[in-house]
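Quick note on my numbering: the sequence shown kicks off at 1 and runs consecutively.
Glycine is no exception: its CB is placed at the ideal position from the N, C-alpha and C atoms.
Just below is one structure, and these are the notes that go with it.
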Amino acid sequence: MNRKFDAIVVGAGPSGDAAAYTMARSGLKVLQLERGEYPGAKNVQGAILYADALEKMIPDFRSDAPLERHIIEQRMWMLDDASHVGTHYRSDDFNEKKPNRYTIMRAPFDKWFSEKVREAGALV
Numbered sequence: 001m002n003r004k005f006d007a008i009v010v011g012a013g014p015s016g017d018a019a020a021y022t023m024a025r026s027g028l029k030v031l032q033l034e035r036g037e038y039p040g041a042k043n044v045q046g047a048i049l050y051a052d053a054l055e056k057m058i059p060d061f062r063s064d065a066p067l068e069r070h071i072i073e074q075r076m077w078m079l080d081d082a083s084h085v086g087t088h089y090r091s092d093d094f095n096e097k098k099p100n101r102y103t104i105m106r107a108p109f110d111k112w113f114s115e116k117v118r119e120a121g122a123l124v
């Protein structure tokens with residue numbers, strides 16, 4: 001069997017999924033490779049998702065993406081071995097109708113995003 005692809009994407013994390021999804025939606029023949037048993041299998045961490053870029057690709061992602069909760073406050077810290085300094089930011093904008101910041105668990109999110117890549121026509 002001899003298959004030809006326009007693009008091969010290595011990795012099924014958020015960046016690889018975004019690249020594969022965008023190319024597949026544009027009509028390219030895309031192969032996406034993932035080292036884990038399935039997308040998200042190797043991931044045991046959470047993350048903050050800033051929704052702007054994802055919303056441009058998948059406008060209705062909020063309807064079925066595995067989002068944990070939207071963020072209403074951000075805290076930032078800078079540390080060294082002997083000291084630290086921190087600040088926080090809270091805004092009414094964080095409670096907008098379509099929030100821009102969400103916490104996610106990467107394993108279910110990566111699996112969901114890879115399914116969207118498949119639906120767009122890529123071979124994962």
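In terms of CA proximity to Met78, His88 leads the group Ala122, Leu31, His88 and Phe61. Excluding five sequence positions before and after Gly46, the CB atoms of its chain that fall closer than 7 Å to its own CB belong to Thr103, Ile104, Met105 and Arg106, given in chain order.
Pairing Ala120 with Ser114, the inter-Cα distance amounts to about 10 Å. One alpha carbon belongs to Asp110, the other to Gly40, and they sit about 5 Å apart. Secondary structure note for Tyr50: its beta strand (DSSP E) is the uninterrupted segment Gly46 to Tyr50.
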